[in-house]
Every structure is written in C-alpha cells, then in structure tokens.
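**Student:** Chain order of the listed sequences is A and B.
For the first sequence, the working numbering begins at 55 and goes up steadily by one.
For the second sequence, the working numbering begins at 300 and goes up steadily by one.
We put the CB at the ideal spot given by N, CA and C, even for glycine.
Provided herewith is a single structure, encoded as structure tokens, for subsequent inquiry.
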Amino acid sequence: TQLLEQSPQFLSIQEGENLTVYCNSSSVFSSLQWYRQEPGEGPVLLVTVVTGGEVKKLKRLTFQFGDARKDSSLHITAAQTGDTGLYLCTAYNNAGNMLTFGGGTRLMVKP
Amino acid sequence: NAGVMQNPRHLVRRRGQEARLRCSPMKGHSHVYWYRQLPEEGLKFMVYLQKENIIDESGMPKERFSAEFPKEGPSILRIQQVVRGDSAAYFCASSPRTGGSGANVLTFGAGSRLTVL
Numbered sequence: 055t056q057l058l059e060q061s062p063q064f065l066s067i068q069e070g071e072n073l074t075v076y077c078n079s080s081s082v083f084s085s086l087q088w089y090r091q092e093p094g095e096g097p098v099l100l101v102t103v104v105t106g107g108e109v110k111k112l113k114r115l116t117f118q119f120g121d122a123r124k125d126s127s128l129h130i131t132a133a134q135t136g137d138t139g140l141y142l143c144t145a146y147n148n149a150g151n152m153l154t155f156g157g158g159t160r161l162m163v164k165p
Numbered sequence: 300n301a302g303v304m305q306n307p308r309h310l311v312r313r314r315g316q317e318a319r320l321r322c323s324p325m326k327g328h329s330h331v332y333w334y335r336q337l338p339e340e341g342l343k344f345m346v347y348l349q350k351e352n353i354i355d356e357s358g359m360p361k362e363r364f365s366a367e368f369p370k371e372g373p374s375i376l377r378i379q380q381v382v383r384g385d386s387a388a389y390f391c392a393s394s395p396r397t398g399g400s401g402a403n404v405l406t407f408g409a410g411s412r413l414t415v416l
C-alpha cells in the first residue's frame with residue numbers, strides 16, 4: 055500500500071510568516087501533485103513535479119521534489135490570509151489509474 | 300466553461316434511506332473518479348470509472364455502495380440504506396485520459412455533502 059504522510063497536520067501562523075509543509079513516502083513516484091482545497095470546495099491543482107530534485111515556483115509558493123522521488127515539500131513565503139486552506143499532496147498508485155492522497159496539512163493564516 | 304458538476308451540493312437523509320449523488324464530468328472527459336472526505340481528513344479513493352465500465356473499485360465498501368457511468372448521462376454514486384457513518388463529502392473528479400502521467404490532471408467538482416440523521 056502506498057502511503058503519503060503529510061506534516062504537520064495543522065499549522066496556524068500569522069500573516070507575513072514563512073512556512074514549509076512536507077509530504078513523505080517510502081515509495082518512489084513517477085510524479086507528485088499538490089492540491090489546495092478551500093472550505094466547501096473541491097481540491098484545485100497547484101503543481102505537478104516530475105523530475106527528482108525539481109523545484110517549481112508559483113508566486114510565493116515553492117515546490118520541491120526529492121532527489122529520490124519519494125518526498126516533496128511546499129514552502130510559502132510571506133503567507134497571506136488567502137493562503138488558508140487544506141494542502142494535499144497526491145501521487146498515482148502503481149497501476150497508474152488513481153490518485154492516492156495524503157491526509158493533508160490544514161493551514162490557517164491569521165491577519 | 301462548465302467544470303465538473305456535482306449535485307446535489309447538500310443532501311440530508313435518514314438512516315435506512317437511499318442517497319444518489321450525480322456527477323457530470325468536464326466536456327471531453329471520459330474518466331471519472333469518486334472520493335470520500337470525512338471532516339478534518341484527506342480524500343479517500345472510492346472508485347474509478349470510464350464510460351460503461353468500472354475500472355477500479357478497490358476503495359468502495361462491498362455492501363450498500365455502487366457506482367455507474369452510463370453511456371449517456373452523469374455518473375451516479377448510490378448509497379443504499381445509509382447509516383450515520385456515511386455522512387461525508389463526496390467528491391467527483393474527471394480527466395481526459397487515464398492516470399500515471401504527470402501531464403494527466405484531475406479536475407474536481409465542488410462536492411456533495413451527505414448528512415445522515
């Protein structure tokens with residue numbers, strides 16, 4: 055069974071602070087995706103990382119895929135209240151036919 | 300620019316009743332996935348369907364739950380004889396092709412929230 059472990063589960067910070075959330079597994083993935091889910095809505099794709107060691111930037115968000123393609127991190131610089139939400143990492147199972155989700159990191163950015 | 304449409308958005312049922320959740324995928328998408336999300340948790344895979352075929356139902360409870368994606372019309376997730384533990388948000392996602400590739404993106408609907416009294 056492929057498991058994606060996300061940490062921390064909950065994070066509450068002040069606006070303007072930096073933060074990093076993690077997604078770890080013992081499995082190797084061909085690609086890994088990060089989604090953000092806001093209350094009452096479905097998840098929305100933020101980024102897909104494919105190559106080991108890859109770094110992708112999306113404005114204040116920086117995504118990194120581990121060299122061994124087993125883990126990933128999401129760093130947010132100068133967090134804003136609009137960053138509040140549930141951040142989910144996902145990867146395809148071995149059969150390649152469905153996404154496995156981590157438990158998510160619930161981020162609260164306070165003004 | 301219709302995305303994945305789910306209805307109803309909210310459904311209340313009493314124990315023992317049936318719940319039917321509908322999902323219309325994005326135009327041009329022939330792959331549909333259903334996920335369940337309990338409060339304060341991530342999404343758990345339930346079933347993956349293509350038109351008229353169930354490809355993977357490994358995440359679906361063996362009893363009371365069924366899913367279909369007919370040739371015409373939306374995908375349906377059906378829960379018979381609902382119990383309180385079925386209360387959750389049920390999300391549908393669609394994609395134009397099967398997964399495994401980083402280029403394959405799932406688009407999610409806004410979810411259907413089932414409350415069992």
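Under a three-way DSSP split, which group does Gly139 (chain A) fall into?
**Tutor:** As a working note, residue 139 (chain A) is residue 85 in the first sequence. Reduced to three states, the DSSP call for Gly139 (chain A) is strand.
**Student:** In this structure, does DSSP put Asp385 (chain B) in helix, strand or coil?
**Tutor:** For the purposes of this step, residue 385 (chain B) is identified with residue 86 of the second sequence, where counting begins at 1. Asp385 (chain B) falls in the helix class under three-state DSSP.
**Student:** Alpha carbon to alpha carbon, how far is Val109 (chain A) from Asn352 (chain B)? Give it in angstroms, no decimals.
**Tutor:** Residue mapping note: residue 352 (chain B) aligns to position 53 of the second sequence, counting from 1. Residue mapping note: residue 109 (chain A) aligns to position 55 of the first sequence, counting from 1. Computed Cα separation, rounded: 38 Å.
**Student:** Which residue's Cα is closest to the Cα of Leu115 (chain A): A:Asp125, A:Gln134, A:Ala122 and A:Gly106?
**Tutor:** Within the first sequence, residue 115 (chain A) is the residue found at index 61, counting from 1. Among A:Asp125, A:Gln134, A:Ala122 and A:Gly106, the Cα nearest to that of Leu115 (chain A) is on A:Gln134.
**Student:** In terms of DSSP beta bridges, what is Ser374 (chain B) paired with?
**Tutor:** Position 75 of the second sequence, counted from the start, is the residue given in the question as residue 374 (chain B). Partner(s): B:Cys322.
**Student:** If we ignore side chains and look at the alpha-carbon of each, how far apart do Leu112 (chain A) and Thr131 (chain A) end up?
**Tutor:** Looking up residue 112 (chain A) in the first sequence gives position 58. Looking up residue 131 (chain A) in the first sequence gives position 77. Distance between the alpha carbons of Leu112 (chain A) and Thr131 (chain A): 11 Å.
**Student:** State the CB to CB distance for the pair Gly307 (chain B) and Ser411 (chain B), rounded to an integer number of angstroms; the pair is presumed to be in contact (CB under 8 Å).
**Tutor:** Walking along the second sequence from the start, residue 307 (chain B) turns up at place 8. Walking along the second sequence from the start, residue 411 (chain B) turns up at place 112. Correcting the residue identity first, residue 307 (chain B) is Pro in this sequence and not Gly. With a Cβ gap of about 6 Å, Pro307 (chain B) and Ser411 (chain B) count as contacting.
**Student:** Helix, strand or coil: how does DSSP classify Phe83 (chain A) here?
**Tutor:** As a first step, residue 83 (chain A) must be located in the first sequence, where it is residue number 29. Phe83 (chain A): coil per DSSP, three-state reduction.
**Student:** Terminal residues of the continuous beta strand (DSSP E) containing Leu99 (chain A)?
**Tutor:** Start at 1 with the first residue of the first sequence, and residue 99 (chain A) comes out as number 45. Segment Val98 to Val103, the beta strand (DSSP E) holding Leu99 (chain A).
**Student:** Can you say whether Pro62 (chain A) is buried or exposed, counting buried as having 16 or more other CB atoms within 10 angstroms of its CB?
**Tutor:** Here residue 62 (chain A) refers to the residue found at position 8 of the first sequence. Looking at its Cβ environment, which holds fewer than 16 other Cβ atoms inside 10 Å, Pro62 (chain A) is exposed.
**Student:** So, do the segment 316 to 325 of chain B and the segment 367 to 380 of chain B have three or more beta carbon pairs nearer to each other than 8 Å?
**Tutor:** Short answer: they touch.
**Student:** Between A:Gly106, A:Ala122, A:Val163 and A:Gln60, which has its C-alpha nearest Tyr89 (chain A)'s C-alpha?
**Tutor:** Position 35 of the first sequence holds residue 89 (chain A). Comparing Cα positions, the closest option is A:Gln60.
**Student:** I want to verify the contact list: residues of chain A whose CB lies under 7 Å from the CB of Tyr332 (chain B), in sequence order.
**Tutor:** Counted from its first residue, the second sequence places residue 332 (chain B) at position 33. Going along chain A in sequence order, the residues near Tyr332 (chain B) (Cβ under 7 Å) are Met152.
**Student:** Report the rounded CA-to-CA distance for Ser127 (chain A) versus Gln68 (chain A), giving the unit in angstroms.
**Tutor:** Start at 1 with the first residue of the first sequence, and residue 127 (chain A) comes out as number 73. Start at 1 with the first residue of the first sequence, and residue 68 (chain A) comes out as number 14. C-alpha separation (whole angstroms): 20 Å.
**Student:** Determine whether the Cβ of Leu99 (chain A) lies closer than 7 Å to any Cβ atom of chain B.
**Tutor:** As a first step, residue 99 (chain A) must be located in the first sequence, where it is residue number 45. Chain B contact via Cβ: present.
**Student:** For a cutoff of 7 Å on Cβ pairs, would you count Leu142 (chain A) as touching chain B?
**Tutor:** As a first step, residue 142 (chain A) is located in the first sequence; it is residue number 88 there, counting from the start. With 7 Å as the cut-off, Leu142 (chain A) counts as an interface residue toward chain B.
**Student:** In three-state DSSP terms, what is Asp355 (chain B)?
**Tutor:** To locate residue 355 (chain B), count along the second sequence from 1; it is residue 56. Asp355 (chain B) falls in the strand class under three-state DSSP.
**Student:** Shortest alpha-carbon distance to Glu92 (chain A) belongs to which of A:Val82, A:Asp137 and A:Phe117?
**Tutor:** Indexing the first sequence from 1 puts residue 92 (chain A) at position 38. The shortest Cα separation from Glu92 (chain A) among A:Val82, A:Asp137 and A:Phe117 belongs to A:Asp137.
**Student:** Cβ closer than 7 Å: which chain B residues qualify as neighbours of Tyr95 (chain A)?
**Tutor:** For this step, residue 95 (chain A) is matched to residue 41 along the first sequence. In the sequence under discussion, the amino acid at residue 95 (chain A) is Glu, which differs from the Tyr named in the question. Those within 7 Å of Glu95 (chain A) in chain B are Ala409.
**Student:** Shorter than 7 Å from the beta carbon of Leu342 (chain B) to some beta carbon of chain A?
**Tutor:** Here residue 342 (chain B) corresponds to residue number 43 of the second sequence, with the count starting at 1. Yes, Leu342 (chain B) counts as interfacial toward chain A.
**Student:** Within 10 angstroms of the Cβ of Ser79 (chain A), are there 16 or more other Cβ atoms? Answer buried if so, exposed if not.
**Tutor:** The residue you call residue 79 (chain A) lines up with position 25 of the first sequence. Under this definition Ser79 (chain A) is a buried residue.
**Student:** Output the distance between the C-alpha atoms of Arg313 (chain B) and Ser394 (chain B), rounded to the nearest integer angstrom.
**Tutor:** If you number the second sequence from 1, residue 313 (chain B) lands on position 14. If you number the second sequence from 1, residue 394 (chain B) lands on position 95. About 33 Å.
**Student:** Could you tell me the boundaries of the beta strand (DSSP E) in which Lys164 (chain A) lies?
**Tutor:** Your numbering for residue 164 (chain A) matches position 110 in the first sequence. Residues Thr159 to Lys164.
**Student:** For chain B, find out if any of its Cβ atoms is closer than 7 Å to the Cβ of Phe155 (chain A); answer yes or no.
**Tutor:** As a working mapping, residue 155 (chain A) is identified with position 101 in the first sequence. True, the Cβ-Cβ gap to chain B drops below 7 Å.
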